[in-house]
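Okay, structure first, notes after.
In my numbering, the protein residues as written are 128 to 725.
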């Protein structure tokens with residue numbers, strides 16, 4: 128840590144690999160060198176703000192903790208490097224800097240957050256095998272030693288302190304109930320899962336203890352039970368085997384750069400909740416997967432974010448934002464350009480994964496892979512076309528978009544069976560239409576003109592050249608509901624039959640879904656058509672009913688009405704609403720046909 132930081136520069140071959148969505152183990156090694164320097168810069172910034180007289184409560188000074196950390200580095204540089212690259216150390220540094228600068232607030236005393244440096248120093252000293260004493264914070268009843276585990280401290284207040292002592296690599300934590308030996312009785316060890324597939328080994332910490340594991344703000348520890356640990360171990364074993372067999376180009380760099388997985392409770396089926404952060408290279412938090420495939424695709428997703436986050440520590444991809452937020456087909460809400468770049472990079476990796484799985488899986492699993500590949504190759508390509516036109520991209524941003532576009536272009540000639548291809552195209556059109564209905568508003572004067580012409584039985588006026596306004600709907604959720612139902616149908620026939628048996632409760636099982644959606648995915652088009660028209664008769668503004676009606680028309684009566692409900696559903700709905708407000712009559716299908724295509 129005493130060596131001067133060098134300027135970092137990615138080799139040209141690694142920039143090209145990252146720009147195309149890839150990167151091998153050597154690319155990740157260069158990114159790790161960048162991250163080590165980034166982490167040291169964070170620590171330097173923190174030390175510059177925290178002067179000698181800064182209040183550290185019951186803890187020694189920050190300088191004392193730093194001195195112990197540097198002494199540990201002299202004895203075991205590799206151990207200290209491992210701690211510096213511990214993802215939660217990055218989250219802590221970023222969060223504590225925000226607290227010091229007044230952009231983050233917490234009920235905890237500042238010394239509790241500053242004290243994570245003392246905990247890092249104690250862990251480093253233990254791993255280096257030197258003799259030491261260090262007082263560390265106790266948070267939510269636990270004294271945590273990063274990468275090693277935690278000692279429960281019974282009787283401690285929410286924010287407290289205790290002493291850690293070490294000698295020759297053996298450590299003890301003082302508690303009111305007696306000493307807890309690190310690795311002994313009463314100690315909660317950090318769970319490490321090591322899995323092997325062919326010659327490829329993945330070793331990750333299953334982190335339920337570190338207060339900074341959830342990437343944003345401190346979280347109380349929650350130790351995994353033995354059955355939970357066994358479940359995660361089994362899923363990681365299967366997912367790693369799947370990744371190595373189907374996608375070795377994605378798996379091998381992950382083995383070098385994935386350090387910790389933070390388990391979260393299960394999410395709604397087919398709607399995995401996962402996250403990573405630029406300050407936490409090598410960490411991904413995710414809801415408990417139901418099977419190895421869900422885990423594997425989530426690992427690919429988040430490792431793409433991790434790679435791009437490290438690249439962003441070297442140079443930006445864009446300067447400023449467009450005048451309005453943008454459509455992201457994997458989100459319910461409009462996104463800033465930075466978020467869209469992150470998303471398209473992640474989904475480029477996801478698409479590559481499903482592309483490979485199609486040729487590895489069989490039966491329903493292969494059909495699922497075809498559906499997901501066809502869905503995301505189309506969405507990724509469309510987003511790249513949109514982003515490429517934006518002047519806010521930097522030179523690196525343009526290079527990344529060009530590289531991803533070349534990758535996406537290679538996918539377009541891959542054949543996909545008719546049934547999953549059609550279902551994927553429906554999912555693409557459906558999400559786009561629902562998004563428009565939630566977030567776009569046509570100009571009032573255009574709606575008035577169309578309304579007056581309709582009520583006068585006149586010809587449709589020319590379509591407006593003015594783009595609809597973006598007014599983000601904060602209540603938009605479940606825009607992918609029909610795609611989720613398709614995933615149910617493809618992967619769990621018995622479960623889908625249970626959904627069909629109780630259509631009135633579908634919204635509780637699949638957020639955003641209605642009985643008509645079930646009928647549509649089950650292939651009962653007439654029941655779906657009646658269902659959507661009934662919904663519009665009782666709730667004429669419901670986005671899902673308009674977009675669902677458009678899907679039915681595209682399947683049964685392709686033509687102007689279906690195209691209008693795909694391309695400008697917000698205008699159809701707005702005119703329908705205005706006609707009704709004037710006491711007029713407008714059948715949804717007839718009005719959509721009148722408004723028609725572009």
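Note that the Cβ used here is the ideal one computed from N, Cα and C, for glycine as well. Model, not experiment: these values are computed from the prediction.
If you follow the beta strand (DSSP E) that residue i is in, where does it begin and where does it stop?
i, result
"residue 570", "Run containing residue 570: none; DSSP gives neither H nor E here."
"residue 323", "318-324"
"residue 415", "No beta strand (DSSP E) holds residue 415; DSSP gives it neither H nor E."
"residue 279", "276-279"
"residue 307", "305-308"
"residue 330", "327-333"
Three-state secondary structure (DSSP) at residue i?
i, result
"residue 163", "helix"
"residue 340", "coil"
"residue 634", "helix"
"residue 212", "coil"
"residue 658", "helix"
"residue 355", "helix"
"residue 261", "strand"
"residue 299", "strand"
"residue 494", "helix"
"residue 270", "strand"
"residue 593", "coil"
"residue 704", "helix"
"residue 401", "strand"
"residue 606", "coil"
For residue i, which residues of its own chain have a beta-carbon under 7 Å away from its beta-carbon, when the five flanking residues on both sides are left out?
i, result
"residue 548", "501"
"residue 604", "459, 638 and 639"
"residue 489", "none"
"residue 646", "654, 655 and 658"
"residue 341", "389 and 412"
"residue 636", "626"
"residue 484", "373 and 496"
"residue 314", "276, 278, 307 and 308"
"residue 564", "670, 673, 674, 696, 697 and 700"
Need the endpoints of the alpha helix (DSSP H) that residue i sits in, please.
i, result
"residue 190", "189-202"
"residue 290", "It is not in any alpha helix (DSSP H) - residue 290 instead sits in the beta strand (DSSP E) that spans 286-294."
"residue 431", "419-439"
"residue 114", "Shown here, the chain extends from 128 to 725; a query on residue 114 therefore has no answer."
"residue 676", "670-683"
"residue 532", "522-538"
"residue 143", "139-146"
"residue 717", "715-722"
"residue 312", "Note, residue 312: premise wrong, no alpha helix (DSSP H); not H, not E."
Using a Cβ-Cβ cut-off of 6 Å (strictly less than) and excluding sequence neighbours within five positions of residue i, which residues of its own chain qualify?
i, result
"residue 367", "322, 324 and 329"
"residue 455", "462, 467 and 470"
"residue 508", "535"
"residue 630", "642 and 645"
"residue 436", "405"
"residue 431", "472, 473 and 476"
"residue 681", "689"
Nearest-angstrom Cα distance between residue i and residue j?
i, j, result
"residue 357", "residue 320", "10 Å"
"residue 479", "residue 506", "13 Å"
"residue 388", "residue 334", "6 Å"
"residue 361", "residue 147", "32 Å"
"residue 709", "residue 664", "16 Å"
"residue 669", "residue 561", "10 Å"
"residue 392", "residue 176", "37 Å"
"residue 305", "residue 181", "31 Å"
"residue 350", "residue 267", "13 Å"
"residue 464", "residue 211", "31 Å"
"residue 285", "residue 338", "13 Å"
"residue 523", "residue 443", "7 Å"
"residue 492", "residue 327", "24 Å"
"residue 601", "residue 400", "19 Å"
"residue 594", "residue 574", "13 Å"
In chain order, what residues of the same chain lie with their CB nearer than 8 Å to the CB of residue i, ignoring the 5 residues before and after it?
i, result
"residue 249", "195, 259, 261, 263, 272, 291, 293 and 298"
"residue 354", "none"
Compute the minimum distance between the beta carbon of residue i and the heavy atoms of the ligand GDP, and state whether it is under 7 Å.
i, result
"residue 137", "By its list of ligands, the structure shown contains no ligand whatsoever, and the ligand GDP lies outside what it can speak to."
Open item on the list: Tell me whether the segment 610-619 and the segment 559-572 touch, counting them as touching only if at least three CB pairs, one residue from each stretch, are closer than 8 Å.
Closed with: no
TODO: Check whether the segment 679-687 touches the segment 705-722, counting contact only when three or more Cβ pairs, one atom from each stretch, lie closer than 8 Å.
DONE: yes
Open item on the list: Within 8 Å, do at least three Cβ pairs link the segment 211-222 to the segment 405-421?
Closed with: yes
TODO: Evaluate the contact criterion for the segment 515-534 versus the segment 134-147: three or more CB pairs, one atom per stretch, below 8 Å.
DONE: yes
TODO: Taking 8 Å as the threshold, find out whether the segment 654-671 comes into contact with the segment 701-719 through three or more Cβ pairs.
DONE: yes
TODO: Report yes or no: do the segment 701-712 and the segment 574-584 share at least 3 C-beta pairs separated by less than 8 Å?
DONE: yes
Open item on the list: Would you call the segment 669-678 in contact with the segment 549-563, where contact means no fewer than 3 C-beta pairs closer than 8 Å?
Closed with: yes
Task: the segment 232-243 / the segment 342-349 touching (three or more Cβ pairs under 8 Å) - done: yes
TODO: Could you say if the segment 186-195 and the segment 427-443 meet the contact criterion of at least three C-beta pairs nearer than 8 Å?
DONE: no
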